[in-house]
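> Encoded as structure tokens, here's the structure I'll be asking about.
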Amino acid sequence: MKYWLMKNEVEDYSIDDLKRDKKTLWTGVRNYQARNFMRDEMQPGDLAIFYHSNAEPSGAAGIMKIRGKSLADPTQFEKTSDYYDEKASHEKPRWFLREVEFVRKLKRLVSIQEMREIPACRDMLTLQKGSRLSITPLKKGEWDAILKASEKNPRG
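Each residue of the sequence shown is one higher than the one before, starting from 2 at the first, in my numbering.
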């Protein structure tokens, strides 16, 4: 099993939306490296941190499970979509998605600032300067450290 961190802007779709919907298609990824993670490396049963980005504060909000195989992202074919790609075709799709399923909300959000202070998370791709990837792999130690931090009272 692999572990992932998947970012989404909280105003677009949050962990609470996923809890309500139970599952959703993770559409709109338009970065080749993030696409390759979803298309080539994710497997059914892998677990992912649902990370609220562009929020105050940004951070780890919940856990979801990867379901099924990668599929062509239909938004690349929809001319009215913000994610439309005129170079994509049904025969040769460029962008892929994964279905994700709600597992649980974290006891509390673990902010990006807090993650930076966790020694086990020091090398996390998401925390690297200039990192803009919406999907990144997590090492087991990083995963465990984030979950452990979510069970503790925040510093303050």
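Just so you know, even glycine gets a beta-carbon here, dropped at the ideal spot from N, CA and C.
Pick helix, strand or coil for G29, following the three-state DSSP scheme.
For this step, residue 29 is matched to residue 28 along the sequence shown. Coil, per DSSP.
> Can you give me the Cβ contacts of R40 inside the same chain, cut-off strictly under 8 Å, excluding the 5 residues immediately before and after it?
For the purposes of this step, residue 40 is taken as residue 39 along the sequence shown, with counting starting at 1. If we look at R40 and ignore the five residues flanking it on each side, its Cβ neighbours are S71, F97.
> Is the separation between the beta-carbon of D74 and that of M2 shorter than 8 Å?
The residue labelled residue 74 in the question sits at position 73 within the sequence shown. The residue labelled residue 2 in the question sits at position 1 within the sequence shown. For D74 and M2, no; Cβs fall outside 8 Å.
> What is the DSSP secondary structure of G142, reduced to helix, strand or coil?
To locate residue 142, count along the sequence shown from 1; it is residue 141. DSSP places G142 in helix when its eight states are reduced to three.
> Return the residue from the list N32, I113, A49 that minimises the CA-CA distance to E102.
One-based indexing of the sequence shown puts residue 102 at position 101. It is A49 whose Cα lies nearest to the Cα of E102.
> How many whole angstroms separate the CB atoms of L19 and T25, which I take to be in contact at a CB cut-off of 8 Å?
Your numbering for residue 19 matches position 18 in the sequence shown. Your numbering for residue 25 matches position 24 in the sequence shown. Confirmed, Cβ separation roughly 6 Å.
> In the DSSP output, which residue or residues are listed as bridge partners for S112?
The residue given as residue 112 occupies position 111 in the sequence shown. For S112, which the question treats as bridged, DSSP gives the partners G60.
> Straight-line CA distance for G157 to Y33?
Taking the first residue of the sequence shown as position 1, residue 157 is located at position 156. Taking the first residue of the sequence shown as position 1, residue 33 is located at position 32. Below a pLDDT of 50, predicted positions are generally treated as unreliable, and G157, at 45, falls in that range; no measurement from the model is reported.
> Within this structure, are the beta carbons of K23 and S135 separated by less than 8 Å?
As a position in the sequence shown, residue 23 is number 22, starting the count at 1. As a position in the sequence shown, residue 135 is number 134, starting the count at 1. Against a cut-off of 8 Å, the Cβ pair of S135 and K23 comes out as no contact.
> Can you tell me which of the three DSSP states G69 falls into?
If you number the sequence shown from 1, residue 69 lands on position 68. The answer is strand: DSSP assigns G69 an E or B state.
> For I49, does the three-state DSSP call read helix, strand or coil?
In the sequence shown, counting from the first residue as 1, residue 49 sits at position 48. With the sequence shown as reference, residue 49 is identified as Ala, and Ile is not the correct amino acid for it. In this structure, A49 counts as strand in the three-state DSSP scheme.
> Are I113 and S59 close, meaning C-beta to C-beta below 8 Å?
By 1-based counting over the sequence shown, the position of residue 113 is 112. By 1-based counting over the sequence shown, the position of residue 59 is 58. Yes; because the gap between Cβ atoms is below 8 Å, this pair is in contact.
> Given a cut-off of 8 Å on the beta-carbon distance, is the pair G63 and I16 in contact?
Residue 63 sits at position 62 when you count from the first residue of the sequence shown. Residue 16 sits at position 15 when you count from the first residue of the sequence shown. Yes, Cβ-Cβ distance for G63 and I16 is below 8 Å.
> Which word fits S151, buried or exposed, when buried means at least 16 other C-beta atoms lie within 10 angstroms of its C-beta?
As a working note, residue 151 is residue 150 in the sequence shown. Counting Cβ neighbours within 10 Å, S151 comes out buried, since at least 16 surround it.
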